[in-house]
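Under my numbering, the residues of the sequence shown are numbered 1024 to 1274, in order. Beta carbons are placed, not taken as given, at the ideal position from N, Cα and C, and that holds for glycine. This structure is a prediction, so every number in the text was calculated from the model and none was measured. As structure tokens, the structure follows; a few thoughts come after it.
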Amino acid sequence: MYTGSYTSKTGFDETKYNNIKKRDANGYSTSDIETNTAKDAYGNSYTSSVSNDQLSTSDFLALMLQELKLQDPTKPMDSQSMMDTQMQMSSMQTNMTLSNSMQELVSTFNQSALSNASTLIGRNIETNQVDEDGVTKAYTVTSVETQGGDLVLKGRQILYLQDIVKDEDGNVLQYDKDGYIYGSDGEKTGEKIVLESKGNIALDENNKPIILDADNNTVEDNPYTYTGQNAKVYSDEISSIPMGNVAQIFS
1024 MYTGSYTSKT GFDETKYNNI KKRDANGYST SDIETNTAKD AYGNSYTSSV SNDQLSTSDF
1084 LALMLQELKL QDPTKPMDSQ SMMDTQMQMS SMQTNMTLSN SMQELVSTFN QSALSNASTL
1144 IGRNIETNQV DEDGVTKAYT VTSVETQGGD LVLKGRQILY LQDIVKDEDG NVLQYDKDGY
1204 IYGSDGEKTG EKIVLESKGN IALDENNKPI ILDADNNTVE DNPYTYTGQN AKVYSDEISS
1264 IPMGNVAQIF S
């Protein structure tokens, strides 16, 4: 029986072999692709496993062809083994293609959902939650974003609706939820507008707002007029509202 080296008769090119396996002249890997090798009973090296999903079909073919060149002529690789290897390569390529397609589909879906949700900017929404007064929470949407793959709306909560009152010069009267009136300097004037409920003013027999002075006495012939309109009073904070919590959209 011949006991010499079979590899010496195959024209083994170590430089080419290293290039295929992406190694330098010393045999160290030059990429993130890890190939594990072993030796057969005759001392011939062969690839036992590859651990990197970036390896392409061409890389596998090159490795398989090199293994065929280095195989033991007296014990060649059987056809079933080659078929299994090809099937594994085909299955891996299909899975990688499917994975990439799914990632592209998810990305397209997210972009489409974000684009559709952007039409809510500037509009008002109600959620399935209530505030401390038992009133359904409502917001005006200011922006839309994704967080961890979930669509999230940003907006300011609408605390309540406030009746609009103007003075004789047409300036809107500024007052808080307790009815205290504020001047143009942002300070309380000492007067107070009477409220039936938060944001809803009380009117006298002439349909004029009822104004009290600092001593809680009614101010006769006050210069204020109720316009019959109301305005939203907002929270100073920006809230995050998951898209799934939106129950209603309104103008």
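{"Item": "Validate contact between the segment 1211 to 1220 and the segment 1234 to 1242 using beta carbons, cut 8 Å, 3 pairs", "Value": "yes"}
{"Item": "Start-to-end residues for the beta strand (DSSP E) that takes in ILE1148", "Value": "1147 to 1153"}
{"Item": "Start-to-end residues for the beta strand (DSSP E) that takes in ILE1187", "Value": "1173 to 1189"}
{"Item": "Exposure of ASN1245, with buried meaning 16 or more beta-carbon neighbours within 10 Å", "Value": "buried"}
{"Item": "For LYS1098, the residue or residues it bridges with in DSSP", "Value": "LYS1098 pairs with nothing; no bridge assigned."}
{"Item": "Length of the line joining the Cα atoms of ARG1179 and GLU1228", "Value": "37 Å"}
{"Item": "As assigned by DSSP and simplified to three states, the class of SER1166", "Value": "strand"}
{"Item": "Spatially closest choice to LEU1184 from ILE1264, TYR1257, ASN1268, VAL1269, by CA coordinates", "Value": "TYR1257"}
{"Item": "ASN1253 and ASN1151 closer than 8 Å at C-beta", "Value": "no"}
{"Item": "Exposure of LEU1137, with buried meaning 16 or more beta-carbon neighbours within 10 Å", "Value": "exposed"}
{"Item": "Sufficient close CB pairs (3 or more, under 8 Å) joining the segment 1185 to 1194 to the segment 1153 to 1160", "Value": "no"}
{"Item": "Burial state of VAL1158 (16 or more Cβ within 10 Å)", "Value": "exposed"}
{"Item": "Simplified DSSP assignment, three categories, for ASP1107", "Value": "helix"}
{"Item": "Residue from LYS1177, GLY1172, GLN1170 with nearest C-alpha to SER1262", "Value": "LYS1177"}
{"Item": "TYR1198 versus LEU1143: straight-line alpha-carbon distance, rounded", "Value": "30 Å"}
{"Item": "Simplified DSSP state of ALA1140, which is helix, strand or coil", "Value": "helix"}
{"Item": "Where LEU1218 sits in the DSSP three-state scheme", "Value": "strand"}
{"Item": "CA-to-CA distance, GLY1145 to ASN1139, given in whole angstroms", "Value": "14 Å"}
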